[in-house]
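Student: Mature numbering (1 follows the signal peptide of the UniProt record, and there is no 0) puts the sequence shown at residues -32 to -1, 1 to 134.
The beta carbon of each residue, even a glycine, is placed where N, CA and C say it ideally should be.
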Amino acid sequence: MRIRSVMVGAVAGAALTLVLAGCSASPSSSDAASTHSTSATASATATPTTTAAASGDQTKVEACDIMKNAQSGFAALNDPAKQAELKADPAKAAATFQQLQGDMDAGAAQVTNTEVAGPAKAAAASVHDYFDFIQAVSKDPSKASELGDHLKTLSDAMVSLQTTCA
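1. Helix, strand or coil, according to DSSP, for Val127 in the structure here?
2. Let's test the definition: count the other Cβ atoms within 10 Å of the Cβ of Gln67 and tell me whether it reaches 16, buried, or not, exposed.
3. Which residues bound the alpha helix (DSSP H) around Gly75?
4. In this structure, how does DSSP classify Asn37 when only helix, strand and coil are distinguished?
5. Leu(-15) to Pro109, Cα distance in whole Å?
6. If you measure from the beta carbon of Glu83 to each beta carbon in chain B, is any gap under 7 Å?
7. Using a threshold of 7 Å, state whether the C-beta atoms of Ala90 and Ala125 are closer than that.
8. What does the alpha-carbon distance come out to for the pair Glu83 and Glu53?
9. What are the boundary residues of the alpha helix (DSSP H) that Phe101 is part of?
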């Protein structure tokens, strides 16, 4: 039971880290569009986002929206009821973590914008690394002392994505 608590608690900690890093607060398409529109009007030149949209390429805003949606499942892990549910059912916890990984992978795979692709892929990889670590800790609790390092790596990757999408 203690190992499950550590595992779910660590993932909830990661979810909190992601939410606090602002990953779910990337600009919406309409907010970003109005910002780009105002900027383009003020400078009378097309922004890279406007140019990309005209040529059919994925805009930065579109790419960031994809990743925002891919990360949406993390917020549910901050709910105490969800945490209790996952603590009580390790199989459901593992399935939830796999779903979150899959969501991040799918999101990163959809990103074609060159500015966002690198941070998106790094964020998805960091989620995999973190959940692999959590699974390792569930089998060998002596590795739990490395949690801080793994949380920092995950947080850094997510902050990089958020900074790119800001």
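Tutor: This is what the structure holds:
1. For the purposes of this step, residue 127 is taken as residue 159 along the sequence shown, with counting starting at 1. Note: Val127 maps to helix in three-state DSSP.
2. Locating residue 67 in the sequence shown gives position 99, counting from the first residue. By the 10 Å Cβ count, Gln67 comes out exposed.
3. By one-based count along the sequence shown, residue 75 stands at place 107. For Gly75, the enclosing alpha helix (DSSP H) starts and ends at 58 to 78.
4. Taking the first residue of the sequence shown as position 1, residue 37 is located at position 69. The answer is helix: DSSP assigns Asn37 an H, G or I state.
5. Within the sequence shown, the letter at position 18 stands for residue -15. Within the sequence shown, the letter at position 141 stands for residue 109. Confidence at Leu(-15) is low in this model, with a pLDDT of 45, below 50, so the placement of that residue should be treated as unreliable; the coordinate-derived value is given next. About 24 Å.
6. Of the protein chains in this structure there is only one, and it is not chain B.
7. Looking up residue 90 in the sequence shown gives position 122. Looking up residue 125 in the sequence shown gives position 157. Taking 7 Å as the Cβ cut-off, Ala90 and Ala125 qualify as a contacting pair.
8. For the purposes of this step, residue 83 is taken as the residue at position 115 of the sequence shown. For the purposes of this step, residue 53 is taken as the residue at position 85 of the sequence shown. Spanning the two alpha carbons is a distance of roughly 38 Å.
9. Residue 101 sits at position 133 when you count from the first residue of the sequence shown. Taken as a continuous stretch (DSSP letters only), the alpha helix (DSSP H) holding Phe101 covers 82 to 107.
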